[in-house]
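These notes concern the structure reproduced below.
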Ligand SMILES: [Zn+2]
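Residue numbers (my numbering): 118 to 212.
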């Protein structure tokens with residue numbers, strides 16, 4: 118692994134990519150990426166993706182897990198999933 122690859126791993130990790138995706142992007146094995154991240158304290162970033170646009174989400178420790186990267190995506194998602202919105206209203210908004 119060269120310095121350029123290390124830098125790329127850090128960068129992609131910060132964007133919220135998983136080990137498999139990073140390994141595929143850079144052309145390293147998943148194990149190499151995983152052990153590098155764990156050694157360099159990059160392993161514990163809890164990540165997810167926006168349900169609407171697929172952008173990487175950063176999780177703030179202690180905060181409720183987010184499903185969307187922004188309010189814009191949240192309202193767009195609900196606008197394109199009216200069935201779930203109806204069900205949510207019937208259940209008192211607890212969906
Ligand atoms: Zn989004």
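Heads up, the beta-carbon is just placed ideally off N, CA and C, and yes, glycines get one too. In this text, all values refer to a predicted model and were calculated from it rather than measured experimentally.
So is the beta-carbon of residue 196 under 7 Å away from any non-hydrogen atom of ligand 1?
Taking the first residue of the chain shown as position 1, residue 196 is located at position 79. False, no ligand heavy atom lies under 7 Å from that Cβ.
Quick check: what's the CA-CA separation for residue 100 versus residue 120?
Since the displayed the chain opens at 118 and closes at 212, residue 100 lies outside it and no answer follows.
Would DSSP call residue 183 helix, strand or coil?
As a working mapping, residue 183 is identified with position 66 in the chain shown. Looking at residue 183 - three-state DSSP - the assignment turns out to be coil, as it is neither helix nor strand.
What is the DSSP secondary structure of residue 173, counted as helix, strand or coil?
By 1-based counting over the chain shown, the position of residue 173 is 56. If DSSP states are grouped into helix, strand and coil, residue 173 belongs with the strands.
Taking the alpha helix (DSSP H) that residue 128 belongs to, which residues open and close that run?
Counting from 1 along the chain shown, the entry for residue 128 is found at position 11. Here the alpha helix (DSSP H) through residue 128 covers 120 to 131.
Cα separation between residue 170 and residue 142?
Within the chain shown, numbered from 1, the residue matching residue 170 stands at position 53. Within the chain shown, numbered from 1, the residue matching residue 142 stands at position 25. The alpha-carbon atoms of residue 170 and residue 142 are separated by roughly 20 Å.
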